[in-house]
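This note's numbering numbers the first residue of the sequence shown as 703 and each following residue consecutively. Just so you know, even glycine gets a beta-carbon here, dropped at the ideal spot from N, CA and C. It should be emphasised that the depicted structure is a prediction, and the values quoted were computed from it without experimental measurement.
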Amino acid sequence: LGEVLDWLVADALVGAQEAAALRHAKRYYRGEAHPLVLVAEQKWRSARAPHKTLTVDALCEWLAGRVGLEYRHIDPLRIDFSAVTEVMSNAYAARFRLLPLEVGAREVVVACAEPFIREWERELRPILGKEIRRVIANPIDIGRYLAEFYNLARSVKKAMAAGEAGGAGLSNFEQLVEMGRANRPVDANDQHI
703 LGEVLDWLVA DALVGAQEAA ALRHAKRYYR GEAHPLVLVA EQKWRSARAP
753 HKTLTVDALC EWLAGRVGLE YRHIDPLRID FSAVTEVMSN AYAARFRLLP
803 LEVGAREVVV ACAEPFIREW ERELRPILGK EIRRVIANPI DIGRYLAEFY
853 NLARSVKKAM AAGEAGGAGL SNFEQLVEMG RANRPVDAND QHI
C-alpha cells in the first residue's frame with residue numbers, strides 16, 4: 703500500500719496529506735484486499751484534471767501505464783473458459799491472483815493485479831511451452847471470474863463425463879432442433895419448437 707500511495711503522490715493523482723492519512727489508518731492492516739481496492743474505497747477524486755473519482759478500474763489503468771503493461775477489462779463472454787482453465791489449476795491461480803484470458807498457439811495472456819510478483823512466470827513457461835504475456839486487470843474481477851470460470855469448467859467436465867458414461871448422443875438442445883426439423887406435422891404439444 704505504501705508504494706502505491708507514494709506513486710500516486712508522485713504522479714500528482716493524490717495529495718500527500720490524503721496518502722499520509724490512509725497510510726496511518728492502515729499501518730497495521732494485514733487483510734487480503736488489494737492496495738488499489740483500499741485506495742478506491744476512499745472515493746478520492748484525482749488531483750489532476752478532469753478530477754475523476756479514482757475507481758478500481760481507473761487505478762488499474764494508471765498502474766498498468768506506470769509499470770508498462772497493457773490494461774485489460776475482463777469480458778467473460780469473450781473468454782474460452784474451457785481453454786483458459788487448462789493453463790493452471792484453480793489453487794495455483796488463486797494463490798497468485800491470476801486469471802488466464804487467452805490461449806494461443808504461441809502465447810498465453812494472463813491477467814494479474816500484482817505486476818511485481820513474477821515467480822509464477824518462471825514456473826509456468828517451461829510447463830506450457832508458450833510465451834506468457836501479462837496484463838493488468840481489476841483485482842476484484844480477477845477474484846470473481848476466477849471462481850466462476852473454474853466452477854463452470856468443472857461443471858462442464860462433469861456433465862461431459864456423465865454424458866459419455868450414459869451414452870447420450872445428443873444434448874437436450876440438439877434434440878429440440880432435431881424435433882423441429884422432423885418431416886412430420888407439428889402438433890399442438892410441439893408447436894413452440
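Practice task
Enumerate in chain order the residues of its own chain whose CB-to-CB distance from ALA785 is below 6 angstroms, with the five nearest sequence positions on each side excluded.
Solution key: VAL805
Problem - DSSP-derived helix/strand/coil call for ALA712 - result: helix
Exercise for the section: Verify whether the separation of the beta carbon atoms of ALA750 and ALA714 is less than 8 angstroms. Expected result: The sequence given here places Arg at residue 750; Ala does not occur at that position. Yes. Within cutoff.
Problem - Backbone secondary structure at GLU821 - three-state DSSP - result: helix
Practice task
Find out if the Cβ-Cβ distance for the pair PRO737, VAL706 is shorter than 8 angstroms.
Solution key: yes
Problem - ALA795, buried or exposed, once every other Cβ within 10 Å from all chains shown has been counted against 16 - result: buried
Problem - Backbone CA spacing between GLU809 and LEU801 [nearest angstrom] - result: 14 angstroms
Problem - Beta-carbon proximity of VAL741 to LEU771, cut-off 8 angstroms - result: no
Handout entry: Local Cβ density within 10 Å of ASN840, reported as buried at 16 or more and exposed below that
Key = buried
Handout entry: N-terminal and C-terminal residue of the beta strand (DSSP E) that PRO802 is part of
Key = 800-805
Practice task
Return the residue from the list LEU826, PHE798 and VAL711 that minimises the CA-CA distance to GLY818.
Solution key: Reading off the sequence, residue 818 comes out as Phe, not Gly. It is PHE798.
Problem - Every unbroken alpha helix (DSSP H) within the segment 735-793, with a cutoff of 4 residues, ordered by chain - result: 737-742, 758-769 and 783-786
Practice task
Could you have a look at GLU705 and say whether DSSP puts it in helix, strand or coil?
Solution key: helix
Exercise for the section: With DSSP as the reference, label GLU809 as helix, strand or coil. Expected result: strand
Handout entry: Where the beta strand (DSSP E) through ARG835 begins and ends
Key = 833-838
Exercise for the section: Could you tell me how far apart the beta carbons of ARG732 and LEU703 are, in whole angstroms, since I believe they sit closer than 8 angstroms? Expected result: Wrong, their Cβ atoms sit about 11 angstroms apart, outside the cutoff.
Handout entry: Where ASP829 falls, given that 16 or more other Cβ within 10 Å makes a residue buried
Key = Sequence inspection shows Ile at residue 829; the Asp mentioned does not correspond to that position. When all chains shown are included, ILE829 counts as exposed.
Problem - Check whether LEU710 and ALA721 have beta carbons under 8 angstroms apart - result: yes
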